[in-house]
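Engineer:
Protein chains: 4
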Amino acid sequence: MVTSFGESHGRCVGAIIDGCPAGLSLTVADVQREVDRIRPGESAALTARKEKNQVEIISGVMNGVTTGAPVGLLIWNKDVDDVDYEAIRFKPRPGHADYTAFVKYGGFNDWRGGGRFSGRITAGFVMAGAVARKLLDGLGIEIIAHTVEIGGIAAKPVAYDKIKGNIASDVLRCADPAASRKMAALIARTKEAGDSLGGVVEGIALNVPAGIGEPVFDTLEGDLAKALFAIPAVKGVEFGAGFAAARMKGSENNDPFMIKQRKIATATNNSGGILGGISTGMPLVVRAAVKPVSSIALEQETVDLKKMEKATIKVGGRHDVCIVPRAVVVVEAIMAVTLCDFALRAGLIPGVLK
Amino acid sequence: MVTSFGESHGRCVGAIIDGCPAGLSLTVADVQREVDRIRPGESAALTARKEKNQVEIISGVMNGVTTGAPVGLLIWNKDVDDVDYEAIRFKPRPGHADYTAFVKYGGFNDWRGGGRFSGRITAGFVMAGAVARKLLDGLGIEIIAHTVEIGGIAAKPVAYDKIKGNIASDVLRCADPAASRKMAALIARTKEAGDSLGGVVEGIALNVPAGIGEPVFDTLEGDLAKALFAIPAVKGVEFGAGFAAARMKGSENNDPFMIKQRKIATATNNSGGILGGISTGMPLVVRAAVKPVSSIALEQETVDLKKMEKATIKVGGRHDVCIVPRAVVVVEAIMAVTLCDFALRAGLIPGVLK
Amino acid sequence: MVTSFGESHGRCVGAIIDGCPAGLSLTVADVQREVDRIRPGESAALTARKEKNQVEIISGVMNGVTTGAPVGLLIWNKDVDDVDYEAIRFKPRPGHADYTAFVKYGGFNDWRGGGRFSGRITAGFVMAGAVARKLLDGLGIEIIAHTVEIGGIAAKPVAYDKIKGNIASDVLRCADPAASRKMAALIARTKEAGDSLGGVVEGIALNVPAGIGEPVFDTLEGDLAKALFAIPAVKGVEFGAGFAAARMKGSENNDPFMIKQRKIATATNNSGGILGGISTGMPLVVRAAVKPVSSIALEQETVDLKKMEKATIKVGGRHDVCIVPRAVVVVEAIMAVTLCDFALRAGLIPGVLK
Amino acid sequence: MVTSFGESHGRCVGAIIDGCPAGLSLTVADVQREVDRIRPGESAALTARKEKNQVEIISGVMNGVTTGAPVGLLIWNKDVDDVDYEAIRFKPRPGHADYTAFVKYGGFNDWRGGGRFSGRITAGFVMAGAVARKLLDGLGIEIIAHTVEIGGIAAKPVAYDKIKGNIASDVLRCADPAASRKMAALIARTKEAGDSLGGVVEGIALNVPAGIGEPVFDTLEGDLAKALFAIPAVKGVEFGAGFAAARMKGSENNDPFMIKQRKIATATNNSGGILGGISTGMPLVVRAAVKPVSSIALEQETVDLKKMEKATIKVGGRHDVCIVPRAVVVVEAIMAVTLCDFALRAGLIPGVLK
């Protein structure tokens, strides 16, 4: 459904959504709201970078309503940083895609700020996700993501119906206030040390009807995981009990079926709402492991690709210490886009909305 | 590249490989060898089921060489078990896809032995994987998977060049003999208790050249993860340090670049050989969490879908206690098929082999 | 939706239909009926070859009803002809794909009887078409193809509601009996001369609802044309007035809109029921130009690919003089499969039939 | 490879080219040159509309060289006409997609100037074609299209090596000057009569190596035809002798193989350079039937969709009398994009150009 284009320091980042049903009310504000959520600067602890990301709708919408034609969404890049990227062009930053991009594209890749590999590219998903969410709203499907771990500090489990409220006022988008305070303190200390942190984002989709997904090649797990790995920092994805399930006995992990309000449910939800690649009707639960930000102020060892000799690098400019709270927004968007694709394929969303 | 068809208790399971280059030597024995590796019964601890899976090549090969036409591979189902599936048709087994298949296909799904959702379907991948491995051989790419955890018992790390040798003689395909013995003992105890176990499989691809994979939509991580989730029991996938990376600092997780034998390498491999969705040239490392076998001898709570009332179920017949050692073979096959697709797309494998 | 495999003189020809809804009644007889229609030998004028094509359903159907899993359909090859293909292996037959297959597959292609390029491969479409027709039946969509031209002899236009009846008893599947007699006489004379004939097949789909198809990339015309060119003998495809439209004025070619039985219709149907790539609700009309059969008894000039020198060839064995009447069946099948794909995508056919 | 977006009277028309190799020199001028060729107004006979289509490259190019990231190309719409589209919103213009778009998108489609169905959308192809041509240049593949028929006036056959020169100075892009004069006179007369004309465009690709294309599902004919039907006015596509082949005998239509300059060639080229869906190495020849322009000044019968009653319509504003000369440019672009896709898939174009 979604194609993306653009680079961190090129002219723009954008997304084309082909297959969006006609008749959906869609304004710039609908999309802007989601894009603004990834704007850093809400907390001094997080980042020093200020970006103004003004969304434009360039096609597919007339008089505030989708026409059925491809919806084009675009943000012009404005706030270019002042890092001397030319100076580090041949010194790949450890943990970044600088080296792999150099090999793949023979050095022709846009190396400024990570180019096509920048986290900024995820703005395309967030824009598309804003559209997908509006489509899912019509089905009553709600998507919430939250920070469940930063730098090894884990949030306590919080009931699904409290997460949204709790994270609304939390700068780290963590539903456990006590954990959030500890995370914030750790972020502050790590920032001072010139280092960075990773964490875990949990995404939840409520009211996904049973029967969505395909066995074998287009499982719900497979398509969601593939989409989540589009976030460059994600290094692991698990559903329900996930890796913990590998340590359980069958009698512990199997979710007993039961009848709840005249509908089939499961007593536990170790499956994360998915069995055989298909939704059970229980909350769909996915977790993504986000590695620590690669750009750090500390000196690191690298190689000069031109001279083929040892080198060191100190990545200048402004960096996030921890992108987990921003990744929360991207995970929500990617879940929305992926579930929307499944819903369209399953015929749950009509071609024309009225 | 691969389409699959067939059911657990239907006439056959099969795979069609479209796009296989012409000129590849391919015999039934090449494929049979891999399929035989998933045959259970090598250890009394593992399973009681005996299957004879005779591979047939039904298209795309002439005189032992691929012709460039779609390669058709098929195994006729012979050893049908004696479970009275009709009796449990409307009682979905907890942890199985019985319920989701029932909803998705309106009860028309082949419910016998899991039907299309059976682990037996993975035989299609294993057959396709046998072909893919032969293609990767020509590029010097080697794929090894092994059992790194069963029931919470973790194997010690073993050097890549020793894994293959160590698992050759180990019934659990674990490279750490001491851990393997503990796992075997746990499996025996669990079998007696009528319960089951899960674990973790690690897959490694050596000699993958740098530059394979695409950013954003077709990352190496994304496509490998999607393919691995085709195994019904897989509930988590991680690359390199994976979820552990989420607990590291940037200075710990970033792999410093260095020069090794006149080539770029990284001092550590927390990235699992992938940065920005593209291979670094270091060993590609992926781990899949395998949930415990859903079929257990213990009585479980479920629902009668017809009567919409509480019910209990005891799954009869023969079951594996732990499929992790068999999943090792499937993980290898899926990695081979996926990497082969990337290699074909990158033009590394010519359309005609000579 | 459809994957095909198999070769003319290999073990089998087959098709896998992925995405067929569950709950469709489907028996071997349903498919066999269509396959039998392409069996030559109904008329001495047409061919001397006798094939018994026994259809088998190898997956996706249980108790005569589709399960939602991929439907596998297969015909084992039995009646292998006695042509000495080895003798002509390096002498490409003019008009055949022998040479292009040799180049593309480096000589590894199955060269016997055209291998993967044989008209026999269209049996895969016919099998898939039988399933697609049953799905379209539920929507009231009817597909009829007929012979409108053979060897330059054109049939007179016949009203849509008479075509089916007229061709039922006509060996050439031509709805104009007078033209059919002339065609038959021409076929007989051409056979004696050791030569062959081509012609034109017209396909009609009735009751296709307005609004099917996508603009630009997945137009009804584009997808139907692409599918029809899978028939190796097809060299042209046109819709409605087609090439004749290029000679009309706008005032002649534009179909005026009108109201007919309280529904929008057009007074004429030069558009062939498609405007902007989307169905109008009028009969969908497509014509495919079928080139004369390439295998002829006359001596032809060719090249010895091994010796790289001039050579001559007389194609031995049994050949059809004119495959147009058989192509009628294949055109119907391909139209059915393509329209079925559009109907599924448009959500007109539910995932479960009841 | 190509995604398109935009509408006739929306903000812009654009194309995203994903998969373009890195290292290709690409400037706005390269693309502008092709886009300018579709600008009408070169001949008073053709059209009265003046558009200034300024191309912008919005992604994928840095310092005049492609980076390997998606190439974004865009033209802002400026010259909006003054037709009162609101007045005819519910009166579908005969021959246009107004009615089918209305049904498909429930009236939400952008109806102004044909919206997404406007010929203007083909500018996206022309932009993408400019990039594809540069890639094909490196392989020595040359693409030329020309007008072979307008309003029933056919051009005489012209040798391939003279076409390019002849059409360079011909406003109708017809290689036969005598025919061009007659066509121009007919266009002038037709304009006066308030009517319109269609015609036939022939596209030729020289130096396509033998072996390009896939049998059955991705034939050269099938993919080229599908792409050409993206032009809303195209109603027929044929290759080589095309529909005329249907009237030949096998002995006439079969192209004898021969050796020419130590390479395999065919004495004739009735196959249009394609056998079995795969290129023969001979010139690839395709013809597209272009229906007469739907917008005419004459009064036509239609229906008022709101009132569901008879109505008449006179399409105001500026129209082309005949778009065939402009379609020549689009046919070239579509051939370039399609052949480029095949060349990339066949590994003929490397991922990095140097």
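Residue numbers (the working numbering), protein chains in the order written: chain A, 186 to 539; chain B, 186 to 539; chain C, 186 to 539; chain D, 186 to 539. In this text, a Cβ means the ideal position worked out from N, Cα and C, and glycines have one as well. It should be emphasised that the depicted structure is a prediction, and the values quoted were computed from it without experimental measurement.
1) On the premise that C:L321 lies in contact with C:L524, defined as a C-beta separation below 8 Å, what is that separation, rounded to the nearest angstrom?
2) Helix, strand or coil for B:D489 per DSSP?
3) Among the residues of its own chain, which have a CB less than 6 Å from the CB of A:E241, if the five just before and after it don't count?
4) What's the C-alpha gap between B:V256 and B:S189?
5) Going along chain G, which residues have a C-beta under 9 Å from A:K289?
6) Skipping 5 residues on each side, what residues in its chain have a beta carbon closer than 6 Å to that of C:A418?
7) What would DSSP say about A:V522, mapped onto helix, strand or coil?
8) Is the Cβ of A:L531 closer than 8 Å to any Cβ of chain C?
9) Which same chain residues, not among the five before or five after B:D295, have their C-beta less than 8 Å away from its C-beta?
10) Please confirm whether D:F190 has its beta-carbon closer than 8 Å to some beta-carbon of chain A.
11) Given a threshold of 16 other Cβ atoms within 10 Å of its Cβ, counted over all protein chains shown, does C:T375 qualify as buried or as exposed?
12) Between which two residues does the beta strand (DSSP E) carrying D:S244 extend?
13) Identify the contact partners of B:V475 in chain A, using a Cβ-Cβ distance below 7 Å as the criterion.
14) Does the distance from the CB of A:G253 to the CB of B:G435 come in under 8 Å?
15) DSSP puts C:H331 in a beta bridge; with which residues?
16) Which value, in whole angstroms, describes the spacing of the CA atoms of B:I397 and B:G532?
17) Say whether chain C places a C-beta atom closer than 8 Å to the C-beta of B:R278.
18) Please return the same chain residues whose Cβ sits closer than 8 Å to the Cβ of B:G325, not counting the five positions on each side in sequence.
19) Which first and last residues belong to the beta strand (DSSP E) in which A:T451 is found?
20) Roughly how far, in whole angstroms, is the beta-carbon of A:I338 from the beta-carbon of A:V506, given that I think they are within contact range, below 8 Å?
21) When the Cα atoms are used, what is the spatial distance from A:I416 to C:V220?
22) Does any residue of chain A bring its CB to less than 8 Å from the CB of B:E517?
23) Using 8 Å as the limit for Cβ to Cβ distance, is C:I243 near chain B?
24) Is there contact between the stretch 313-320 of chain B and the stretch 511-523 of chain B, where contact requires at least three CB pairs shorter than 8 Å?
25) Quick one: is D:E334 buried, meaning 16 or more other Cβ sit within 10 Å of its Cβ, or exposed?
26) Measure the C-alpha to C-alpha separation of D:R432 and C:H331 and round it to an integer number of angstroms.
27) Considering only C-alpha positions, which residue in the set D:P510, D:R511, D:F527 and D:V500 is nearest to D:G298?
28) Where C:G336 and C:A412 are concerned, what is the direct C-alpha to C-alpha distance, given to the nearest angstrom?
29) Look at B:G309 and B:L529 and say whether their C-beta atoms are less than 8 Å apart.
30) Leaving out five residues on either side along the sequence, give the residues of the same chain with a beta carbon under 8 Å from the beta carbon of A:G425.
31) Let me know the secondary structure DSSP gives D:S189 once reduced to three states.
32) What are the start and end residues of the beta strand (DSSP E) that includes A:L258?
33) What is the residue span of the alpha helix (DSSP H) that C:F287 lies within?
34) Take D:E484 and list the residues in its own chain whose beta-carbon comes closer than 6 Å to its own, dropping the five residues that flank it on each side.
35) Name the two residues that bound the continuous alpha helix (DSSP H) containing A:L405.
36) From what residue to what residue does the beta strand (DSSP E) around A:F442 run?
Structural biologist: The relevant details are as follows:
1) 6 Å
2) strand
3) L259
4) 12 Å
5) Protein chains A, B, C and D are contained in the structure displayed, whereas chain G is not.
6) V475 and K476
7) Note: A:V522 maps to helix in three-state DSSP.
8) Per the sequence shown, the amino acid found at residue 531 of chain A is Ala instead of Leu. Yes, its Cβ sits closer than 8 Å to a Cβ of chain C.
9) Excluding positions up to five away in sequence, the list reads E192, S193, H194, G195 and R301.
10) yes
11) buried
12) V240 to S244
13) A431
14) Result no, Cβ atoms of A:G253 and B:G435 do not sit closer than 8 Å.
15) C:E387
16) 10 Å
17) no
18) N392
19) Element bounds for A:T451: K448 to T451.
20) With a beta-carbon spacing of about 14 Å, A:I338 and A:V506 fall beyond the 8 Å limit used to define contacts.
21) 50 Å
22) no
23) yes
24) Counting C-beta pairs with one atom in each stretch, the stretch 313-320 of chain B and the stretch 511-523 of chain B have three or more that are closer than 8 Å, which means they touch.
25) buried
26) 17 Å
27) D:V500
28) 24 Å
29) no
30) Contacts found: N454, N455, S456, G457, G458, I459 and V470.
31) strand
32) V256 to W261
33) D283 to K289
34) Result list for D:E484: T497 and K499, in chain order.
35) L405 to L413
36) F442 to K445
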